[in-house]
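Shown next, in structure tokens, is the structure this report addresses.
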DNA sequence: GCCCTTTCTTATCTTTTGTTATTTTCTTCT
DNA sequence: AGAAGAAAATAACAAAAGATAAGAAAGGGC
């Protein structure tokens, strides 16, 4: 799962071995909570296999605000970065295979690799992409109707619909499960 | 306006002079369009005085998705970074004093300063903060009602309400001007 | 395969928002 | 200051979404 990095950058191979050794592989069942709202995150995860969601409570309902799949990284960004309590819970939706690394070790990797211009550029790209991702999410909410957002989801991220229970998708779209069910009926040719 | 940077970082003073010379000061009236939807951005701006908004068309209505004030930087991020057409228009709301720099020059500054660990850390912080900003915007839209969002705006960013016409705030909240007017009436004690 | 639990759908009613049009208030410009 | 234009408030109606409850469908565990 880390071969993509190894191939991509001209860092000496043994350095990659060293870094990859700092990751720990774990297998966990569905509905495993990796980080609880209020706790301070000190692990970042890479997903080898499976699917996770990040969510939080709001008036005794849970609101999902992001899904994660294979080859993506996941952490409670602000909590992990600033060592403050997380406002989200991270939970597996399927049995998953994950690789985690501690904050201290990741910081160490960062410090070293950020000296290398190429790695730096790569890191910046990732940060800009993530910023753009959230910006477009925000934009879609002020611009589109729930029906339009559902249709975009079908078009752009069909894998989410296939693997994630509908109730979680509803809150991700900013609506109730009942409303999503109505929209689904409407768009499937009344 | 650049003194904040000069004081903050131990870069030799003459380096700052050199960088600051790459900025051009301009004074523009209200409703000046600095970048038009579809054009490729090659300038980034710093705001010395005034107030701007970023917006785009949607079904012949304009939708505002961000406001900018004194001491903030503004550009069509993706357009500027990737040299692709911008999907937003940038426009002054008040007569403003701005400082702009070309992409080439800013790239040059970046390349040099990113070698310095302290500057790098600062840059990373900025990128993370911006990511967190959009994330929270997104979150607020799937979590809160328009009324709640309006109340947060009063509480957290009262300066926006004081300086920006209501119709623009409405689309920023994801609702119509009529609806915002109703909400205002409701929360001001029926 | 069967039971139990969870998830999804459907129905009804209430509340909120959108739409369109009109009136009132506020700005701006000469 | 006064006129013209822009912005905001209001009204009336339509459309959409929330809340709650009940029944149908699906999925997991044994």
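Protein chains in written order, with the working numbering: chain A, 136 to 325; chain B, 136 to 325. Ideal placement from N, C-alpha and C gives every residue a C-beta, glycine not left out.
Simplified DSSP state of residue 322 (chain A), which is helix, strand or coil: Position 187 of the first chain, counted from the start, is the residue given in the question as residue 322 (chain A). It is helical.
Contact under 7 Å by Cβ, residue 213 (chain B) with residue 267 (chain A): As a first step, residue 213 (chain B) is located in the second chain; it is residue number 78 there, counting from the start. As a first step, residue 267 (chain A) is located in the first chain; it is residue number 132 there, counting from the start. In this structure, residue 267 (chain A) lies closer than 7 Å to residue 213 (chain B) by Cβ.
C-beta atoms of residue 302 (chain B) and residue 293 (chain B) nearer than 7 Å: Against the second chain, residue 302 (chain B) aligns to sequence position 167. Against the second chain, residue 293 (chain B) aligns to sequence position 158. Cβ atoms of residue 302 (chain B) and residue 293 (chain B): not closer than 7 Å.
Run of the beta strand (DSSP E) containing residue 237 (chain A), from where it starts to where it stops: Working through the first chain from its first residue, we reach residue 237 (chain A) at position 102. Per DSSP, residue 237 (chain A) belongs to the beta strand (DSSP E) from 231-237.
Environment of residue 256 (chain B) [buried if 16+ CB atoms lie within 10 Å]: What you label residue 256 (chain B) is simply residue 121 of the second chain in a count that begins at 1. The residue in question, residue 256 (chain B), is exposed, as its Cβ has fewer than 16 Cβ neighbours within 10 Å.
Beta carbon of residue 227 (chain A) nearer than 7 Å to that of residue 165 (chain A): Taking the first residue of the first chain as 1, we reach residue 227 (chain A) at position 92. Taking the first residue of the first chain as 1, we reach residue 165 (chain A) at position 30. Yes.
Cβ separation of residue 183 (chain A) and residue 136 (chain A), assumed to be a contact under 8 Å, to the nearest whole Å: Reading the first chain from its first residue, position 48 is the one you call residue 183 (chain A). Reading the first chain from its first residue, position 1 is the one you call residue 136 (chain A). So it is a contact: roughly 5 Å between Cβ atoms.
Selection of the region 264-276 of chain B by Cβ proximity to chain A, strictly under 7 Å: 265, 266, 267, 269, 270, 272, 273, 274 and 276
Cut-off 6 Å between Cβ atoms - residues of its own chain near residue 282 (chain B), not counting five sequence neighbours on either side: Translated into the one-based positions of the second chain, residue 282 (chain B) becomes position 147. The answer, listed in chain order, is 318.
Chain A contacts from the region 170-181 of chain B (Cβ-Cβ distance under 8 Å): none
Residue 143 (chain B) versus B:259, B:253 and B:280, residue with shortest Cα-Cα distance: As a first step, residue 143 (chain B) is located in the second chain; it is residue number 8 there, counting from the start. That would be B:253, whose Cα lies nearest to the Cα of residue 143 (chain B).
Three-state secondary structure assigned by DSSP to residue 165 (chain B): The residue you call residue 165 (chain B) lines up with position 30 of the second chain. Coil.
Sequence-distant residues of the same chain with beta carbon closer than 6 Å to residue 236 (chain A), five excluded per side: Taking the first residue of the first chain as 1, we reach residue 236 (chain A) at position 101. 157, 158 and 179, listed in sequence order.
Short CB-CB distance (under 7 Å) between residue 193 (chain B) and chain A: Residue numbering aside, residue 193 (chain B) sits at position 58 when the second chain is read from its first letter. Chain A contact via Cβ: present.
Contacts of residue 306 (chain B) in chain A (Cβ-Cβ under 8 Å): For the purposes of this step, residue 306 (chain B) is taken as the residue at position 171 of the second chain. By Cβ distance, chain A contributes 277.
Beta-carbon gap between residue 307 (chain B) and residue 199 (chain B) smaller than 7 Å: Position 172 of the second chain holds residue 307 (chain B). Position 64 of the second chain holds residue 199 (chain B). Closer than 7 Å, so yes.
Within-7 Å CB hit, residue 253 (chain A) to chain B: As a first step, residue 253 (chain A) must be located in the first chain, where it is residue number 118. It does not; no Cβ of chain B falls within 7 Å.
Residue nearest to residue 224 (chain A) in terms of C-alpha spacing, selected from A:258, A:153, A:246 and A:174: As a position in the first chain, residue 224 (chain A) is number 89, starting the count at 1. Looking at the Cα atoms, A:174 is the closest of the given residues.
Residue burial classification, residue 219 (chain A) (beta-carbon count within 10 angstroms, cutoff 16): Residue 219 (chain A) sits at position 84 when you count from the first residue of the first chain. Its Cβ having fewer than 16 others within 10 Å, residue 219 (chain A) is exposed.
Alpha-carbon to alpha-carbon, residue 187 (chain B) and residue 167 (chain B): Sequence index remark: in the second chain, residue 167 (chain B) carries index 32 (1-based). Sequence index remark: in the second chain, residue 187 (chain B) carries index 52 (1-based). Residue 167 (chain B) and residue 187 (chain B): Cα-Cα distance of roughly 9 Å.
Selection from A:261, A:185, A:194 and A:300 that minimises the alpha carbon distance to residue 163 (chain A): As a first step, residue 163 (chain A) must be located in the first chain, where it is residue number 28. Ranking A:261, A:185, A:194 and A:300 by Cα distance to residue 163 (chain A) puts A:185 first.
Residue 156 (chain A), enclosing alpha helix (DSSP H) - first and last residue: Here residue 156 (chain A) refers to the residue found at position 21 when the first chain is read from its first residue. It is not in any alpha helix (DSSP H) - residue 156 (chain A) carries neither H nor E in the DSSP assignment.
is_contact[residue 288 (chain A), chain B] using C-beta, thresh 7 Å: Sequence index remark: in the first chain, residue 288 (chain A) carries index 153 (1-based). Closer than 7 Å: no.
Residue 309 (chain B) burial status per 10 Å Cβ neighbour count (16 or more: buried): Counting from 1 along the second chain, the entry for residue 309 (chain B) is found at position 174. When all chains shown are included, residue 309 (chain B) counts as buried.
Chain A contacts made by the region 193-207 of chain B, where a contact means CB separation under 8 Å: 193, 198 and 200
Every unbroken beta strand (DSSP E) within the region 224-302 of chain A, with a cutoff of 3 residues, ordered by chain: 224-227 and 231-237
Element boundaries [beta strand (DSSP E), containing residue 212 (chain A)]: On the first chain, residue 212 (chain A) is found 77 positions in, with the first residue counted as 1. Residue 212 (chain A) -> not in any beta strand (DSSP E); alpha helix (DSSP H) instead, spanning 212-217.
Run of the alpha helix (DSSP H) containing residue 140 (chain B), from where it starts to where it stops: Here residue 140 (chain B) refers to the residue found at position 5 when the second chain is read from its first residue. 138-143 is the span of the alpha helix (DSSP H), which, as asked, contains residue 140 (chain B).
Residues that DSSP places opposite residue 222 (chain A) in a beta bridge: Reading the first chain from its first residue, position 87 is the one you call residue 222 (chain A). None; residue 222 (chain A) has no bridge partner.
Neighbour-count burial assignment, residue 296 (chain A), 16 or more Cβ in a 10 Å radius: Numbered from 1 along the first chain, position 161 holds the residue referred to as residue 296 (chain A). Per the 10 Å Cβ criterion, exposed.
Option nearest residue 172 (chain A) by Cα separation, candidates A:154, A:197, A:149 and A:181: As a working mapping, residue 172 (chain A) is identified with position 37 in the first chain. Of A:154, A:197, A:149 and A:181, the residue nearest in Cα terms is A:197.
Residue 195 (chain A): first and last residue of the uninterrupted beta strand (DSSP E) it sits in: Numbered from 1 along the first chain, position 60 holds the residue referred to as residue 195 (chain A). Where residue 195 (chain A) is concerned, there is no enclosing beta strand (DSSP E), given that its DSSP letter is neither H nor E.
Within-7 Å CB hit, residue 241 (chain B) to chain A: Counting from 1 along the second chain, the entry for residue 241 (chain B) is found at position 106. Not one chain A Cβ lies under 7 Å of residue 241 (chain B).
Run of the beta strand (DSSP E) containing residue 182 (chain B), from where it starts to where it stops: Against the second chain, residue 182 (chain B) aligns to sequence position 47. It spans 178-184 - the beta strand (DSSP E) in which residue 182 (chain B) sits, taken as one unbroken run.
Distance CB(residue 217 (chain B))-CB(residue 177 (chain B)) smaller than 7 Å: What you label residue 217 (chain B) is simply residue 82 of the second chain in a count that begins at 1. What you label residue 177 (chain B) is simply residue 42 of the second chain in a count that begins at 1. Contact: no.
Sequence-distant residues of the same chain with beta carbon closer than 7 Å to residue 192 (chain B), five excluded per side: By 1-based counting over the second chain, the position of residue 192 (chain B) is 57. Excluding sequence neighbours, residue 192 (chain B) sits near 172.
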